[in-house]
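Numbers given in our numbering equal positions in the sequence shown, counted from 1, plus 6. Even glycine gets a Cβ: it sits at the ideal position worked out from N, Cα and C. Input: a single structure, listed below in structure tokens.
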Amino acid sequence: MSYDLNRRRFVTAAGAVGLTALAGCSGSDSAGGNTLSWHAGGTGGTYYPLSNNFKTIIEDNTDYSLQVQSTGASLENVGSLNREDADFALIQNDVAYFAVNGTGTEDLQGNPMENIRGVATLYPETIHVITQADSGIETVEDLDGKTVNTGDSGSGTQVNALQILETAGIEEGDFTEQNTDFDTATDQIRDGDVDAAFVVGGWPVGSVENLATSSDISLVEIGGETREDVMNDAEWFAEDTIPADTYDSISEDVETVSMQAMIATHEGVDEAVVEAVTTAIFDNVDAIDQKSEFIDVDSAQDGMPIDLHPGAAAYFG
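Right, dumping it as structure tokens:
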């Protein structure tokens with residue numbers, strides 16, 4: 007797996023907001039009338055409930071209705087956008103960069119999805135590494151030889167998990183990999199079917215909350231030199247902390263890393279549609295109850311790694 011992204015290229019891409027007006031057919035027409043298709047993530051993560059927040063806001067403040075679909079999240083969603091099967095989707099900012107530039111993962115390498123456009127960044131996507139409280143697993147390095155759920159096959163979570171494991175010196179064959187959605191992964195932790203699981207989402211993640219109410223869990227720290235190495239090897243990661251008491255039985259802060267969640271679309275969606283959707287969301291952030299402390303018009307372009315859709319650029323100026 008290749009992660010050929012350096013700091014200069016990433017910062018340049020993040021700062022170069024494309025304002026070229028690109029004409030295209032309306033996404034709402036392709037979705038049928040005024041119905042827009044919005045691809046989210048698994049129901050146990052943050053993408054799905056947040057997308058339904060957006061559905062309510064958009065339907066209350068525009069002439070459009072939103073059809074929210076549960077998916078395998080970022081990597082599946084960039085494919086849907088590229089094929090124009092979705093009008094909007096939530097994705098991670100690292101996967102957005104990989105997709106547009108045709109780099110980063112084996113599936114995307116050499117196949118740039120140049121029609122994908124950014125709308126806004128939203129909140130930190132925090133890496134959770136979950137294990138049972140009595141597992142004895144305290145560091146990422148302790149996952150050597152263990153059974154680890156790295157997220158849905160082909161998901162952004164799997165990409166991130168494999169990056170972190172590789173940085174910690176754990177290669178393919180050094181551990182037994184399993185791939186499921188977050189709800190199944192946390193069930194596996196509860197039942198002892200896996201030793202650890204990677205879950206990516208803005209804390210608190212619903213599936214982790216549910217697990218912590220019925221089982222004693224531990225969160226494996228990604229800190230110290232390991233965190234520095236992870237951020238040096240993959241420049242889209244940033245320092246993050248899961249605060250104490252976010253989950254039952256987690257009584258101390260846990261150091262980790264995160265990316266940014268973002269809204270994306272494609273160049274075939276009409277500029278007026280994207281502007282209307284963007285305006286509805288960011289003029290009504292007080293109606294958001296998922297990750298509301300992070301979602302704000304002033305930070306909505308922080309870490310944007312790809313060109314903006316003209317409709318979003320019209321709103322953000």
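N-terminal and C-terminal residue of the alpha helix (DSSP H) that residue 172 is part of: The residue you call residue 172 lines up with position 166 of the sequence shown. Counting along the chain, the alpha helix (DSSP H) containing residue 172 begins and ends at 162-173.
C-beta atoms of residue 137 and residue 263 nearer than 8 Å: On the sequence shown, position 131 is the one that residue 137 refers to. On the sequence shown, position 257 is the one that residue 263 refers to. No; because the gap between Cβ atoms is not below 8 Å, this pair is not in contact.
Rounding to the nearest angstrom, what Cα-Cα distance links residue 247 and residue 268 in this structure? Locating residue 247 in the sequence shown gives position 241, counting from the first residue. Locating residue 268 in the sequence shown gives position 262, counting from the first residue. Looking at the two C-alpha atoms, the distance is approximately 20 Å.
If you reduce the DSSP assignment to three classes, tell me which class residue 311 lands in. Here the question's residue 311 lines up with position 305 in the sequence shown. In this structure, residue 311 counts as coil in the three-state DSSP scheme.
Judging by CA-CA distance, which residue of 216, 142 and 173 is the nearest neighbour of residue 234? Numbered from 1 along the sequence shown, position 228 holds the residue referred to as residue 234. When C-alpha distances from residue 234 are compared across 216, 142 and 173, the shortest belongs to 173.
With a floor of 4 residues, list each alpha helix (DSSP H) that falls wholly inside the region 188-242, ordered by position along the chain. DSSP runs (the alpha helix (DSSP H)) wholly in the region 188-242: 188-197, 212-220 and 230-239.
Just tell me which of 294, 151 and 62 has its CA closest to the CA of residue 201. Looking up residue 201 in the sequence shown gives position 195. When each option's Cα is compared against that of residue 201, the closest is 151.
Reduced DSSP secondary structure (H/G/I, E/B, other) of residue 322: Within the sequence shown, residue 322 is the residue found at index 316, counting from 1. In the structure shown, residue 322 sits in a helix (DSSP, three-state: H, G or I).
Among 270, 229 and 188, the one whose alpha carbon lies nearest that of residue 101: Residue numbering aside, residue 101 sits at position 95 when the sequence shown is read from its first letter. Among 270, 229 and 188, the Cα nearest to that of residue 101 is on 270.
Scan the region 46-126 and note each continuous beta strand (DSSP E) run of 3 residues or more that stays entirely inside, going in chain order. Taking 3 residues as the shortest admissible run, the region 46-126 contains the following complete beta strand (DSSP E) segments, listed from N- to C-terminal end: 71-75 and 94-98.
Are the region 113-122 and the region 253-260 in contact at 8 Å, needing three or more beta carbon pairs? At 8 Å Cβ cutoff, the stretches do not touch.
Whole-angstrom distance between residue 210 and residue 388, CA atom to CA atom: Absent from the structure is residue 388, since the part of the chain shown begins at 7 and ends at 323.
Can you find the residues in the same chain that come closer than 6 Å, C-beta to C-beta, to residue 179, ignoring five residues on each side of it along the sequence? Residue numbering aside, residue 179 sits at position 173 when the sequence shown is read from its first letter. For residue 179, where only same-chain residues beyond five positions count, there are no Cβ hits under 6 Å.
With 16 other Cβ atoms within 10 Å as the buried cut-off, status of residue 238: By 1-based counting over the sequence shown, the position of residue 238 is 232. Exposed: under 16 other Cβ atoms inside 10 Å.
Go through its chain and collect everything with a Cβ distance to residue 251's Cβ below 8 Å, but skip five positions before and after it. By one-based count along the sequence shown, residue 251 stands at place 245. Excluding sequence positions up to five before and after residue 251, its CB lies within less than 8 Å of the CB of 257, all in the same chain and listed in chain order.
Sequence-distant residues of the same chain with beta carbon closer than 6 Å to residue 312, five excluded per side: Within the sequence shown, numbered from 1, the residue matching residue 312 stands at position 306. The answer, listed in chain order, is 102, 106 and 124.
Please classify residue 230: is it buried, with 16 or more other beta-carbons within 10 angstroms of its beta-carbon, or exposed? To locate residue 230, count along the sequence shown from 1; it is residue 224. Flag for residue 230 reads exposed.
Which of the three DSSP states, helix, strand or coil, is assigned to residue 305? Along the sequence shown, one-based indexing puts residue 305 at 299. Residue 305 falls in the helix class under three-state DSSP.
Meets three-Cβ-pair contact criterion under 8 Å: the region 46-62 and the region 90-99: With three or more CB-CB distances shorter than 8 Å, the region 46-62 counts as touching the region 90-99.
For the candidate residues 214, 176 and 208, whose alpha-carbon lies nearest to that of residue 194? Translated into the one-based positions of the sequence shown, residue 194 becomes position 188. Comparing Cα-Cα distances from residue 194 to each of 214, 176 and 208, the minimum goes to 214.
Classify residue 284: buried if its beta carbon has 16 or more other beta carbons within 10 angstroms, exposed otherwise. Within the sequence shown, numbered from 1, the residue matching residue 284 stands at position 278. Here residue 284 is buried, its C-beta having at least 16 other C-beta atoms within 10 Å.
I need the boundaries of the alpha helix (DSSP H) containing residue 285, first residue and last residue. Within the sequence shown, numbered from 1, the residue matching residue 285 stands at position 279. Where residue 285 is concerned, the enclosing alpha helix (DSSP H) stretches over 277-288.
CB-CB length for residue 324 against residue 47, believed under 8 Å: Since the displayed the chain opens at 7 and closes at 323, residue 324 lies outside it and no answer follows.
Let me check one thing: in DSSP terms, what residues is residue 129 bridge-paired to? Walking along the sequence shown from the start, residue 129 turns up at place 123. DSSP output for residue 129 lists 267 as bridge partner(s).
Closest Cα partner of residue 224 within the set 317, 286, 62 and 139: Position 218 of the sequence shown, counted from the first residue, corresponds to residue 224. When only C-alpha atoms are compared, the closest one is 139.
Return the chain-ordered list of same chain residues with a C-beta closer than 8 Å to the C-beta of residue 232, the five sequence neighbours on each side being excluded. Residue 232 sits at position 226 when you count from the first residue of the sequence shown. The beta carbon of residue 232 sits closer than 8 Å to those of 145, 146, 147, 173 and 174, all from its chain and outside the five residues before and after it, given in chain order.
To which residues of the same chain is residue 221 closer than 6 Å at the C-beta, ignoring the five residues directly before and after it? On the sequence shown, position 215 is the one that residue 221 refers to. For residue 221, where only same-chain residues beyond five positions count, the Cβ hits under 6 Å are 196.
What are the partner residues of residue 42, as DSSP defines its beta bridges? Walking along the sequence shown from the start, residue 42 turns up at place 36. Answer is 72, bridged to residue 42.
Where does residue 278 land, buried or exposed, given buried means 16+ other C-beta within 10 angstroms? For the purposes of this step, residue 278 is taken as residue 272 along the sequence shown, with counting starting at 1. With fewer than 16 Cβ atoms within 10 Å of its Cβ, residue 278 is classed as exposed.
So residue 51 and residue 132 are supposed to be a Cβ contact under 8 Å. How far apart are they, rounded? Stepping through the sequence shown from its first residue, residue 51 is reached at position 45. Stepping through the sequence shown from its first residue, residue 132 is reached at position 126. With a Cβ gap of about 11 Å, residue 51 and residue 132 do not count as contacting.
Go through its chain and collect everything with a Cβ distance to residue 290's Cβ below 7 Å, but skip five positions before and after it. For this step, residue 290 is matched to residue 284 along the sequence shown. Around residue 290: 63 and 67.
Between which residues of its own chain and residue 88 is the CB-CB distance below 8 Å, once the five residues before and five after are set aside? Translated into positions along the sequence shown, residue 88 becomes position 82. Hits under 8 Å: 105, 119, 121, 122 and 272.
What number of angstroms, rounded off, separates the C-alpha of residue 317 from the C-alpha of residue 281? Position 311 of the sequence shown, counted from the first residue, corresponds to residue 317. Position 275 of the sequence shown, counted from the first residue, corresponds to residue 281. Taking the straight line joining both Cα atoms gives about 4 Å.
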